[in-house]
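According to UniProt numbering, the stretch in the sequence shown is residues 1 to 665, in order.
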Amino acid sequence: MNDFAKRVQEQEKALENIRHKLALLPDQPGCYLMKNGEGTIIYVGKAKVLKNRVRSYFTGSHNGKTQLMVSEIRDFEYIVTGSNMEALILECNLIKTHQPRFNVLLKDDKTYPYIKITNEEHPRLEVTRRVLKDKAKYFGPYPNASAAQQTKKLLDRMYPLRKCGVMPKEVCLYYHIGQCLAPCVKEVPREDYEQITSEIQSFLSGGHEEIRKELERKMHEAAEELYFERAKELRDQIMHIDALMEKQKITTTDKKDRDVFGYAVDKGWMCVQILYMRQGKMVQRNASVFPFYGDPHSDFLSFVAQYYSSNPALPQEILLPGPQLSGAAADADSEEAGEAAAKPPAGADVATTEPTVLTDSAEPTAAEAKAEAAAEAAGLVDAAGGAEALQEWLGIKVLVPRRGLKRQMVGMASDNAKVSLDEKFRLIERDEERTSIAAANLGEIIGLESLHRIEAFDNSNIQGSNPVSAMVVFTDGKPDKKEYRKYKIRSVSGPDDYETMREVIRRRYERVLKENLPLPDLIVVDGGRGQISAAVDVLENELGLFIPVCGLVKDAKHRTAQLMVGDPPEPVALPRDSQEFYLLQRIQDEVHRFAISFHREQRGKSMVSSKLDAIPGIGEKRRKMLLKHFGSVKKIKEASVEDFRPLSIGEKLANDILKALREES
Numbered sequence: 001m002n003d004f005a006k007r008v009q010e011q012e013k014a015l016e017n018i019r020h021k022l023a024l025l026p027d028q029p030g031c032y033l034m035k036n037g038e039g040t041i042i043y044v045g046k047a048k049v050l051k052n053r054v055r056s057y058f059t060g061s062h063n064g065k066t067q068l069m070v071s072e073i074r075d076f077e078y079i080v081t082g083s084n085m086e087a088l089i090l091e092c093n094l095i096k097t098h099q100p101r102f103n104v105l106l107k108d109d110k111t112y113p114y115i116k117i118t119n120e121e122h123p124r125l126e127v128t129r130r131v132l133k134d135k136a137k138y139f140g141p142y143p144n145a146s147a148a149q150q151t152k153k154l155l156d157r158m159y160p161l162r163k164c165g166v167m168p169k170e171v172c173l174y175y176h177i178g179q180c181l182a183p184c185v186k187e188v189p190r191e192d193y194e195q196i197t198s199e200i201q202s203f204l205s206g207g208h209e210e211i212r213k214e215l216e217r218k219m220h221e222a223a224e225e226l227y228f229e230r231a232k233e234l235r236d237q238i239m240h241i242d243a244l245m246e247k248q249k250i251t252t253t254d255k256k257d258r259d260v261f262g263y264a265v266d267k268g269w270m271c272v273q274i275l276y277m278r279q280g281k282m283v284q285r286n287a288s289v290f291p292f293y294g295d296p297h298s299d300f301l302s303f304v305a306q307y308y309s310s311n312p313a314l315p316q317e318i319l320l321p322g323p324q325l326s327g328a329a330a331d332a333d334s335e336e337a338g339e340a341a342a343k344p345p346a347g348a349d350v351a352t353t354e355p356t357v358l359t360d361s362a363e364p365t366a367a368e369a370k371a372e373a374a375a376e377a378a379g380l381v382d383a384a385g386g387a388e389a390l391q392e393w394l395g396i397k398v399l400v401p402r403r404g405l406k407r408q409m410v411g412m413a414s415d416n417a418k419v420s421l422d423e424k425f426r427l428i429e430r431d432e433e434r435t436s437i438a439a440a441n442l443g444e445i446i447g448l449e450s451l452h453r454i455e456a457f458d459n460s461n462i463q464g465s466n467p468v469s470a471m472v473v474f475t476d477g478k479p480d481k482k483e484y485r486k487y488k489i490r491s492v493s494g495p496d497d498y499e500t501m502r503e504v505i506r507r508r509y510e511r512v513l514k515e516n517l518p519l520p521d522l523i524v525v526d527g528g529r530g531q532i533s534a535a536v537d538v539l540e541n542e543l544g545l546f547i548p549v550c551g552l553v554k555d556a557k558h559r560t561a562q563l564m565v566g567d568p569p570e571p572v573a574l575p576r577d578s579q580e581f582y583l584l585q586r587i588q589d590e591v592h593r594f595a596i597s598f599h600r601e602q603r604g605k606s607m608v609s610s611k612l613d614a615i616p617g618i619g620e621k622r623r624k625m626l627l628k629h630f631g632s633v634k635k636i637k638e639a640s641v642e643d644f645r646p647l648s649i650g651e652k653l654a655n656d657i658l659k660a661l662r663e664e665s
């Protein structure tokens, strides 16, 4: 109770300090850093007006995720900047430095693959995830490595660039099949490389139709001159292009390279969809789904800033959506669309039979103006301000379109983002529904009226050393990790699985009876008839509990093989591809994982203890002191004699410790 009162007192003191700091916030743009009680930065944000934005966290109502973040804030800092652009760059750098848990983060292992034409005397094609400032030409990003590798494979067939990483001393097979100019033995004019790289650049920038027509022309010429093998090679290349290139969805007449962004939010999650347009044609798309905690549009802009901070391969133009509208505002916006074409249905392929000339942004609608006014009042970086800041930073055109085809493209990206987000939730719901149905069906198979709670047990030891056991709980077919329990075996010596099961069942259900905890509908033990009989004997004859017990038997490869139920236990026929069998497999794998991890933990502690305890002059107290001071046996071994002095350990004992540990190694 005293600890609780102390925590409440500390929280009130922190909030009082926050209130004083809120009164001193300036009316300027900048970044703010929210901290928890330990001083760790948990969220970084930017604002057009710091005073309004930071105050908004501590006034009014918020959604559940934002409330969770605000509940952990105990202090904040802020940095004033000269403009929105500076705030955007600073926020991006602070997020990368501190990796706050409530920010939208782009993980380093999520970088996208690019195709690269190297800047060398004899250039090569490569697939890479690192975009460097090395004067090479980069194309992408591609949605996955497979798409990039397929495209490179096609280009390797079409264009005879060098394939070798290190120049060989003689020609290789690639030269003989016409896929290399053999610079290792021949002089290749610079003009030849320039022509090839120009054609590759045109192809990768979306000009594959022109390349296809040129290949068709060459194929017909080869056929007319009776070079049928060459004609067949060209025909195969055309077929590869057709198979690789996706049907185009939108075509524009200005043939610009664009990245079109859209986003959707629901249930505390955000999906950002990027449509990549090259040479005026849509060539691919990518979707990222992640939880968010702040203002949706501000977090979306943070995502875009992080995306381009590690992506120097920029398009000519970026199209962004404005803040999302809701309710009446959204209806008003749709009525005032004016010249805007009707949006395509979500996920639909859109083809323009006639080229459409793109127009620049028109004046904002009344609903959009209202949304931006609200953003302004809250001190957020509004849509136009965010686009302007990005444009100033990146040095390319960034638009928030209001009308015409550009607005339609942004709408399509946002619609597809919404579809991706809906699909995520539907899959979760479907999986939960199937799991619940599987649990109910399993209950019927076993002969139970309901199967709400399952408790499963598994033992772990190595030839009887450090014996442990573990219990996991599944509620309605889903793991309930708060209910998991670990057991150190006390009364059993040696590898006796049956007696271990008896001890654990006895300890678990004695406590259940004593503390009036909920009883399970089914107990699952890892093993067959012997383990089932041991569990039933303790339950019925010692504790007077009549709970159904089943066993999961593994095969020779240590995989779930069959379910055993009844008295005496008999196998139950379950199809291996059924949801019921899959549920049992998950239960057995989870309890085994939990038991093994606990056993490794105990074994590690035991090994540490035995190493130090074997040294004369080291008792339990001194062992604990050494481990607390150095952190591990490895660090003790690497220490010098002088490092032991703060622990009041003399030179002789210190040398004995180091000698014993190093000799053992």
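Glycine included, every Cβ here is placed at the ideal spot set by N, Cα and C.
Tell me, to the nearest whole angstrom, how far the beta carbon of residue i is from that of residue j; I am working on the premise that it is less than 8 Å.
{"i": "T560", "j": "Q585", "result": "4 Å"}
{"i": "F457", "j": "D526", "result": "7 Å"}
{"i": "V388", "j": "N17", "result": "Note that residue 388 is Glu in the sequence shown, not Val. No, E388 and N17 are not in contact; Cβ-Cβ is about 35 Å, not under 8 Å."}
{"i": "E590", "j": "P479", "result": "6 Å"}
{"i": "V538", "j": "R506", "result": "5 Å"}
{"i": "P100", "j": "I42", "result": "5 Å"}
Excluding the 5 residues preceding and the 5 following residue i in the sequence, name in chain order all residues of the same chain whose CB lies nearer than 8 Å to its CB.
{"i": "V468", "result": "N459, S460, N461, K486, Y487, K488, I489, A595, F598, H599 and Q602"}
{"i": "I445", "result": "V572, L574 and E580"}
{"i": "K267", "result": "F425"}
CB-CB under 6 Å to residue i, same chain, minus the five flanking residues each way: which ones, in chain order?
{"i": "residue 666", "result": "Coverage of the chain is limited to positions 1 through 665, which leaves residue 666 absent and any answer about it impossible."}
{"i": "A231", "result": "M219, A222 and A223"}
{"i": "E199", "result": "none"}
Kindly indicate the opening and closing residues of the alpha helix (DSSP H) around residue i.
{"i": "L626", "result": "E620 to F630"}
{"i": "A305", "result": "P296 to S309"}
{"i": "L173", "result": "L173 to H176"}
{"i": "L394", "result": "A383 to L394"}
{"i": "K46", "result": "That residue, K46, is in no alpha helix (DSSP H); its beta strand (DSSP E) goes I41 to A47."}
{"i": "L50", "result": "L50 to S56"}
Pull up the distance between the alpha-carbon of residue i and that of residue j, whole angstroms please.
{"i": "G7", "j": "V419", "result": "The displayed chain sequence assigns Arg, not Gly, to residue 7. Their Cα atoms are separated by approximately 44 Å."}
{"i": "residue 683", "j": "T66", "result": "Residue 683 is absent from the structure shown; the chain starts at 1 and stops at 665."}
{"i": "K116", "j": "K133", "result": "12 Å"}
{"i": "P189", "j": "H176", "result": "19 Å"}
{"i": "I73", "j": "G30", "result": "19 Å"}
{"i": "F139", "j": "T118", "result": "12 Å"}
{"i": "L442", "j": "F546", "result": "19 Å"}
{"i": "E499", "j": "V492", "result": "7 Å"}
{"i": "V260", "j": "A87", "result": "23 Å"}
{"i": "P26", "j": "K51", "result": "6 Å"}
{"i": "V265", "j": "Y308", "result": "22 Å"}
{"i": "E651", "j": "S640", "result": "10 Å"}
{"i": "R19", "j": "E38", "result": "19 Å"}
{"i": "K628", "j": "R622", "result": "10 Å"}
{"i": "W269", "j": "G551", "result": "40 Å"}
{"i": "L658", "j": "K624", "result": "16 Å"}
{"i": "K169", "j": "C184", "result": "6 Å"}
{"i": "E77", "j": "L24", "result": "12 Å"}
What is the DSSP secondary structure of residue i, counted as helix, strand or coil?
{"i": "G30", "result": "strand"}
{"i": "M277", "result": "strand"}
{"i": "L155", "result": "helix"}
{"i": "T500", "result": "helix"}
{"i": "R74", "result": "coil"}
{"i": "M167", "result": "coil"}
{"i": "Q562", "result": "strand"}
{"i": "N655", "result": "helix"}
{"i": "N119", "result": "coil"}
{"i": "V104", "result": "coil"}
{"i": "N541", "result": "helix"}
{"i": "Y263", "result": "strand"}
{"i": "K256", "result": "coil"}
{"i": "Y227", "result": "coil"}
{"i": "P646", "result": "helix"}
Along the chain, where does the beta strand (DSSP E) containing residue i start, and where does it finish?
{"i": "E317", "result": "E317 to L319"}
{"i": "C92", "result": "From DSSP, C92 is part of no beta strand (DSSP E) but of the alpha helix (DSSP H) over N84 to H98."}
{"i": "F203", "result": "No beta strand (DSSP E) holds F203; the alpha helix (DSSP H) holding it covers R190 to L204."}
{"i": "I523", "result": "L522 to D526"}
{"i": "L552", "result": "V549 to K554"}
Ordered along the chain, which non-local residues of its own chain (more than five positions away) have a Cβ less than 7 Å from that of residue i?
{"i": "S450", "result": "G443 and D521"}
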